[in-house]
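Peer 1:
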Amino acid sequence: MEIARVVAPPLRLAWCPASRRWGRRKGRPPCPSSLPGPRHDHAVKRPGGEAAGGRSVNGAAPAPAPAPAEAPAKAPQRRQRRGPHDVEDEAWGLLRESVVRYCGSPVGTIAACDPNDASPLNYDQVFIRDFVPSGIAFLLKGDYEIVRNFILHTLQLQSWEKTMDCHSPGQGLMPASFKVRVVPLDGDDDVTEEVLDPDFGEAAIGRVAPVDSGLWWIILLRAYGKCSGDLSVQERIDVQTGIKMILKLCLADGFDMFPTLLVTDGSCMIDRRMGIHGHPLEIQALFYSALLCAREMLTPEDGSADLIRALNSRLIALSFHIREYYWLDKRKLNEIYRYKTEEYSYDAVNKFNIYPDQIPPWLVEWIPPKGGYFIGNLQPAHMDFRFFSLGNLWSIVSSLATSHQSDAILDLVEAKWSDLVADMPMKICYPALEDQEWKFITGSDPKNTPWSYHNGGSWPTLLWQLTVACIKVDRSEIAAKAVEVAERRIANDKWPEYYDTKRARFIGKQSRLFQTWTIAGFLVAKQLLENPDKSRILWNNEDEEILNAMNRMTDASNLKRRRGRKGLKKTYIV
1 MEIARVVAPP LRLAWCPASR RWGRRKGRPP CPSSLPGPRH DHAVKRPGGE
51 AAGGRSVNGA APAPAPAPAE APAKAPQRRQ RRGPHDVEDE AWGLLRESVV
101 RYCGSPVGTI AACDPNDASP LNYDQVFIRD FVPSGIAFLL KGDYEIVRNF
151 ILHTLQLQSW EKTMDCHSPG QGLMPASFKV RVVPLDGDDD VTEEVLDPDF
201 GEAAIGRVAP VDSGLWWIIL LRAYGKCSGD LSVQERIDVQ TGIKMILKLC
251 LADGFDMFPT LLVTDGSCMI DRRMGIHGHP LEIQALFYSA LLCAREMLTP
301 EDGSADLIRA LNSRLIALSF HIREYYWLDK RKLNEIYRYK TEEYSYDAVN
351 KFNIYPDQIP PWLVEWIPPK GGYFIGNLQP AHMDFRFFSL GNLWSIVSSL
401 ATSHQSDAIL DLVEAKWSDL VADMPMKICY PALEDQEWKF ITGSDPKNTP
451 WSYHNGGSWP TLLWQLTVAC IKVDRSEIAA KAVEVAERRI ANDKWPEYYD
501 TKRARFIGKQ SRLFQTWTIA GFLVAKQLLE NPDKSRILWN NEDEEILNAM
551 NRMTDASNLK RRRGRKGLKK TYIV
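Using full-length UniProt numbering, read the sequence shown as starting at 1 and increasing by one per residue.
#1: Less than 9 Å between the beta carbons of residue 262 and residue 374, yes or no?
#2: I'd like the span of the alpha helix (DSSP H) that includes residue 288, first residue to last.
#3: Under DSSP, the beta strand (DSSP E) around residue 194 begins and ends at which residues?
#4: Assuming residue 134 is part of the alpha helix (DSSP H), what are its boundary residues?
#5: When the Cα atoms are used, what is the spatial distance from residue 469 to residue 397?
#6: If we ignore side chains and look at the alpha-carbon of each, how far apart do residue 153 and residue 107 end up?
#7: For residue 214, tell me which candidate among 250, 380 and 190 has the shortest Cα-Cα distance.
#8: Thinking C-beta only, is residue 467 closer than 9 Å to residue 496?
#9: Terminal residues of the continuous beta strand (DSSP E) containing residue 327?
#10: Could you work out which residue in 110, 194, 310 and 268 is closest to residue 123 when comparing CA atoms only?
#11: Considering residue 465, what are the terminal residues of the alpha helix (DSSP H) in which it resides?
#12: Straight-line CA distance for residue 541 to residue 196?
#13: Do you know offhand how far residue 510's Cα is from residue 449's?
#14: Could you give the DSSP three-state label for residue 67: helix, strand or coil?
#15: Does the Cβ of residue 437 have 16 or more other Cβ atoms within 10 Å, making it buried, or fewer, making it exposed?
#16: Leaving out five residues on either side along the sequence, give the residues of the same chain with a beta carbon under 6 Å from the beta carbon of residue 158.
#17: Which one of 306, 420 and 369 has the shortest CA to CA distance from residue 390?
#18: Taking the straight line between their C-alpha atoms, what separation do you get for residue 143 and residue 366?
#19: Buried or exposed for residue 116, going by 16 or more other Cβ atoms inside 10 Å?
#20: Is residue 367 close to chain C? Criterion is C-beta to C-beta, closer than 9 Å.
#21: If you draw a straight line from the C-alpha of residue 229 to the C-alpha of residue 259, how long is it?
#22: For residue 178, count neighbouring C-beta atoms within 10 Å of its own C-beta (all shown protein chains included) and say buried if the count is 16 or more, exposed if not.
#23: According to the neighbour-count rule (16 or more other Cβ atoms, all chains shown, within 10 Å of its Cβ), is residue 190 buried or exposed?
#24: Beta-carbon separation of residue 286 and residue 212 under 9 Å?
#25: Can you list, in chain order, the stretches of the alpha helix (DSSP H) that have 4 or more residues and sit fully within the region 357-420?
#26: Report the start-end ranges of each alpha helix (DSSP H) in the region 438-508 that is 4 residues or longer and not cut off at the edges.
#27: Need the endpoints of the beta strand (DSSP E) that residue 184 sits in, please.
#28: Got a sec: does the ligand FMN put a non-hydrogen atom nearer than 8 Å to the Cβ of residue 384?
#29: Just list the alpha helix (DSSP H) runs in the region 214-293, keeping only unbroken ones of 4 residues or longer that don't cross its boundaries, in chain order.
#30: Do you know offhand how far residue 547's Cα is from residue 279's?
#31: Who are the near neighbours of residue 434 in its chain, counting only those whose CB is closer than 7 Å to its CB and skipping five residues on each side?
#32: Since residue 106 is in the beta strand (DSSP E), which residue starts that stretch and which ends it?
#33: Find out if the Cβ-Cβ distance for the pair residue 376, residue 405 is shorter than 9 Å.
#34: Rounded to the nearest angstrom, what separates residue 576 and residue 298 at their Cα positions?
#35: Can you check which of these residues, 233, 498 and 223, is closest to residue 140 by C-alpha distance?
#36: If distances are taken between C-alpha atoms only, which option among 155, 187 and 492 comes closest to residue 198?
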């Protein structure tokens, strides 16, 4: 019997007082899919979240149906080596399978789609940061609807009231993730509605608010406009308001003396205790990029003048701070090695009172003669000398790093290829915390054991950030080499979330398979290597105003230091 496909009327959401959520009555036919590839018939959703003949609302596979009574035994098949095109085709098929629909329209992709995973925890949700590579992959493919829907629906969640133990965070916070649920409408089991159920960190492990979600949302919004040419989304009043709410939350005055964002441990991609509390590089690079993207998209109006002024001021201060104090190469390391401490003066060389004994033994031998990187964190009397891949790569993409520093970072990646890439790109950080350091800093976290997960594990999703950074500085051969390494085994390994051991030889001990941002990161890297110009949707070019201000600040700092040395007869040590 042939089933007629019916096009749904325009989406109309109704407010449900009982659930305090937006939803709609079940029974309206879903819109046909606009995603690439073969068209599938989407079954009608059943109460409880499962479809009548397919996947759940959130894309996860339903419980397997009972096997036929006398199913013929299948002959064992020989595993065949996949070619590059076979791997890409498989990746696109898996990415489409991970798509989540809300009221008939695609709104995101779930974190992982392993049909054999009986306990998905929150991996069956749409994460803001995880969707970014999926969104970029769809944009580069010319499929804009899913990204547009994602941007607008997550914007609706931004204004929700959120509390934990009677405390509410500041307005503007974006959720870490959301899930589409099917629930009875007004307590009537015969009528159901689909609702978006967000998690702002109140249900997450560790109960940490996601600082990076709003920053990634702004970056993706700009990429959507540049790739699709549709600027009407970013010009909408509600979207402009959403951008301003995020900026006001990030630019709010506090007790901190630094222009960097102060955050707790676990508030970004590294979402467990790993000793990154304070001013981690990853957050600062995303913050800088989001400020530039927001300034580009904000519509000029009288009410925005003060915000734009504060934004410009923060950009200049943040740029100077990171380039001047976070940068480390062999020359800078030798300078730190000779630091004098306990300097009390306005022109102190060792401004943060860093003790030279903090320099770890591994770094002395590891730092190459050519190359450098931004350290992971900087606070009074503390430098985190670990190399964090995402923060360094996005510093290149956002132009937070100078052109010289950008080349030096990639020089280091090439020089330390066996440490940072090895058998699978790319280490999330290097080196791993071990022994007593691991016990004290992670709290003996069994998931973050040395060279696993966020403690020196290798994450294939970082391929796409590596590719954008390499293309930006005209060194795409580095990214191509990394993609070639990944392509040898990533599909046969079933697209793991991360890899373990120093050389990434093993699939992670708790790694989810068919991880969506592993799949999407690989696809984005392949797409950008084929069409390098498309990576411009993610770049932030060097800003002339910031560059001129930086030069003036550097000159003034050097002049002040020279004058201070002439004017003082002795150094005051306390």
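Beta carbons: idealized from backbone N, C-alpha and C, even for Gly.
Fair warning: this is a prediction, and the values are worked out from it, not measured in the lab.
Peer 2: For this structure:
#1: Residue 374 sits away from residue 262, with the two beta carbons spaced by 9 Å or more.
#2: That run of the alpha helix (DSSP H) goes 281-297.
#3: Counting along the chain, the beta strand (DSSP E) containing residue 194 begins and ends at 188-199.
#4: Residues 128-141.
#5: The straight-line gap from Cα to Cα measures roughly 5 Å.
#6: Near 7 Å, if we compare the C-alpha coordinates of residue 107 and residue 153.
#7: Checked all of 250, 380 and 190; the closest Cα to residue 214 is 250.
#8: Cβ distance not < 9 Å, so residue 496 and residue 467 don't count as in contact.
#9: DSSP places residue 327 in the uninterrupted beta strand (DSSP E) bounded by 327-329.
#10: Among 110, 194, 310 and 268, the Cα nearest to that of residue 123 belongs to 110.
#11: Here the alpha helix (DSSP H) through residue 465 covers 463-472.
#12: Between residue 541 and residue 196, the C-alpha separation is close to 36 Å.
#13: For the pair residue 510 and residue 449, the Cα-to-Cα distance works out to about 11 Å.
#14: Here residue 67 scores only 48 on pLDDT, less than 50, and its place in the model is too uncertain to base an answer on.
#15: It counts as exposed.
#16: So the qualifying residues of the chain are 174 and 242.
#17: Comparing Cα positions, the closest option is 420.
#18: Cα-Cα distance, rounded: 44 Å.
#19: Counting Cβ neighbours within 10 Å, residue 116 comes out exposed, since fewer than 16 surround it.
#20: Looking at the structure shown, chain C is missing, and only one protein chain is on hand.
#21: Approximately 33 Å, taken between the alpha carbons.
#22: Buried.
#23: Residue 190 counts as exposed, since fewer than 16 other beta carbons sit within 10 angstroms of its beta carbon.
#24: With contacts defined by Cβ atoms closer than 9 Å, residue 286 and residue 212 form a contacting pair.
#25: The qualifying runs are 361-366, 389-397, 403-415 and 417-420.
#26: Counting only runs of 4 or more, we get 463-472 and 476-487.
#27: It spans 177-185 - the beta strand (DSSP E) in which residue 184 sits, taken as one unbroken run.
#28: The ligand content of the structure shown is nil, which means the ligand FMN is not present either.
#29: Every alpha helix (DSSP H) of 4 residues or more that sits fully in the region 214-293 is shown, in chain order, as 232-235 and 237-250.
#30: Their backbone Cα atoms lie some 23 Å apart in a straight line.
#31: The beta carbon of residue 434 sits closer than 7 Å to the beta carbons of 450 from its chain, once the five residues preceding and following it are set aside; these are given in chain order.
#32: According to the DSSP assignment, residue 106 belongs to the beta strand (DSSP E) that extends over 105-109.
#33: Cβ distance not < 9 Å, so residue 376 and residue 405 don't count as in contact.
#34: As shown, the chain starts at 1 and ends at 574. That puts residue 576 outside it, with no answer to give.
#35: With distances taken between Cα atoms, residue 140 lies closest to 223.
#36: Checked all of 155, 187 and 492; the closest Cα to residue 198 is 155.
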